[in-house]
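For the sequence shown, the UniProt record's numbering begins at 1 and goes up steadily by one.
Let me begin by presenting the structure, written as C-alpha cells, before commenting on it.
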Amino acid sequence: MKLYFAPGTCSFSPHIALREAGIDVELVRVDIKKHVLAADGRDFSTINPRGYVPVLELDNGVRLTEGPAIVQYIADLKPESGLAPRAGTLERYQLQEWLGFINSEVHKGFSPLFNPATPAEYKSIALKNLSNRLDYIAGHLAKNEYLMGQNFTVADGYLFTVLGWLHWVGLDIKQWPALSAFVERIASRASVSDALAAERLKNDLCDLARRGGKKCRGPAPGSDCSNESQSHSGFRHCAGMKVWEVFIHSWSSPVSDENLRARYFNELAPEQMPPPTHR
C-alpha cells in the first residue's frame, strides 16, 4: 500500500493509524503547493483529482480518499488492534460520530483561518466558533482518557493531528488543560513518534524556523534533529529531546511571527486551501 501525504497536514492521521495497526506502507510525499509528487514532479491530480491528501492506494491499485474513511478501513484491516469498534455496533457509530464532528466542526473550522483571503472580521468569528468546539471536546476529555473512553481509537489520532495546528492560528492549547494533557499522551505513543520521524516533521519545523531568520546552533551529539537548540518561541532548546518532545514544544506557544506563519502555510501547508471552486 501507499500513503500519499504532506507533512503537517491531515494525512498524519491515517499515518498514525497505519503504524498503530502495524501495517507496512510506502510513504509518497506530495508537494501540495505545487500539486505534484515531491520525488518525480508528477501531477498529483492524476492520483487524486480533488487535489488534496490523504490518499491511500491499495495493493490492487484502488485509491481511497477522505481521512475518516481511510482510518476506518485501516482499523478494519486489523480488528485486533482495537482502533475501531466492530462494524455494526453502537460503539462503531459513536466512533463515526466523533470522526464526523472532528471533520466538520474542528478540521474545517481551520479552513478560513488558513486562507489569507479571509476577511479579518470573519476570522475572529471563525476563531470563536473553533474555540467553542474545543471547549466541548475539552470537557469530554476532562472525564475520559480518550474520545471513546479508556481505549485509543483512530478518532484520537485525528484529533491529535488537528490540534497540532492551533498555535499556527494564534490559539494557545494550554488554555485547555485537558487538551494539552491529551496531546502529550498521544504524542508519547511509539506510533506517533515513529510517524513524526518518518515524515521529518521535526527537521522541517526547525529548518523552516531557521529560514525565517531564527538562530540555530547545530545538532547535539547523537540527537535525531539536524537543527538543534532553537531559542525562538515554539522551538525551545530541542537538543537531545525525543522527536515527540520537540513536536510538543513546537506547538507550546502561539506563533506571533506573521512572516514565519506565512512561510509555514506556503511551504509545509497544513491544509492549505485552494480556491473554493476547486474543492
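Glycine included, each C-beta is placed from N, C-alpha and C at the ideal position.
Element boundaries [beta strand (DSSP E), containing residue i]
| i | result |
| --- | --- |
| D31 | 26-31 |
| L166 | Note, L166: premise wrong, no beta strand (DSSP E); not H, not E. |
| L64 | 63-65 |
heavy atom of the ligand COA below 7 angstroms from residue i C-beta
| i | result |
| --- | --- |
| A117 | Absence of the ligand COA from the depicted structure is noted, as is the absence of any ligand whatsoever, leaving it without description. |
C-beta atoms of residue i and residue j nearer than 8 angstroms
| i | j | result |
| --- | --- | --- |
| A155 | L95 | yes |
| L134 | L179 | yes |
| residue 301 | R200 | One cannot answer for residue 301 here, as it falls past the ends of the chain, which runs 1 to 279. |
| L58 | L27 | no |
| L99 | Y52 | no |
| T153 | L83 | yes |
Span of the alpha helix (DSSP H) around residue i
| i | result |
| --- | --- |
| V55 | Per DSSP, V55 belongs to no alpha helix (DSSP H); it is in the beta strand (DSSP E), 55-57. |
| R19 | 12-21 |
| Y122 | 120-141 |
| Y4 | Counting along the chain, Y4 falls outside any alpha helix (DSSP H), though it belongs to the beta strand (DSSP E) covering 2-5. |
| Y52 | Unbroken run through Y52: none, as it is neither H nor E. |
| V183 | 177-187 |
| L95 | 90-101 |
| V192 | 190-198 |
| F114 | 111-114 |
Cα-Cα separation between residue i and residue j, rounded to whole angstroms
| i | j | result |
| --- | --- | --- |
| A269 | P85 | In this prediction, A269 has a pLDDT of 44, which is less than 50 and means its spatial position is unreliable; what the coordinates show is noted afterwards. Near 32 angstroms, if we compare the C-alpha coordinates of P85 and A269. |
| S131 | H140 | 14 angstroms |
| L147 | A190 | 19 angstroms |
| Q175 | R42 | 43 angstroms |
| P177 | I137 | 11 angstroms |
| L64 | M1 | 11 angstroms |
| W165 | P116 | 16 angstroms |
| E105 | A142 | 20 angstroms |
| K123 | D172 | 16 angstroms |
| H167 | H107 | 14 angstroms |
| D31 | V25 | 19 angstroms |
| S81 | E184 | 21 angstroms |
| T46 | D40 | 13 angstroms |
| S188 | N129 | 29 angstroms |
| A69 | E97 | 13 angstroms |
| V169 | I23 | 33 angstroms |
| K181 | N151 | Note that residue 181 is Ala in the sequence shown here, rather than Lys. Roughly 16 angstroms between the two C-alpha positions. |
Integer-rounded CB distance, given that residue j should sit under 8 angstroms from residue i
| i | j | result |
| --- | --- | --- |
| G67 | S13 | 5 angstroms |
| V162 | F110 | 7 angstroms |
| P49 | C10 | Wrong, their Cβ atoms sit about 18 angstroms apart, outside the cutoff. |
| R29 | F5 | 6 angstroms |
| F160 | I125 | About 26 angstroms; that fails the 8 angstroms criterion. |
Quiz item: Is the segment 4-23 in contact with the segment 57-76, if contact means three or more CB pairs nearer than 8 angstroms?
Solution: Yes, since at least three Cβ pairs between the segment 4-23 and the segment 57-76 fall closer than 8 angstroms, the two stretches touch.
Quiz item: Any chance the segment 19-32 sits against the segment 187-203, with 3 or more Cβ pairs inside 8 angstroms?
Solution: Taking 8 angstroms as the limit for Cβ pairs, the verdict is that the segment 187-203 does touch the segment 19-32.
Self-check item: the segment 27-42 in contact with the segment 80-99 per 3-pair CB rule at 8 angstroms
Solution: No: the two stretches stay apart, fewer than three of their Cβ pairs being nearer than 8 angstroms.
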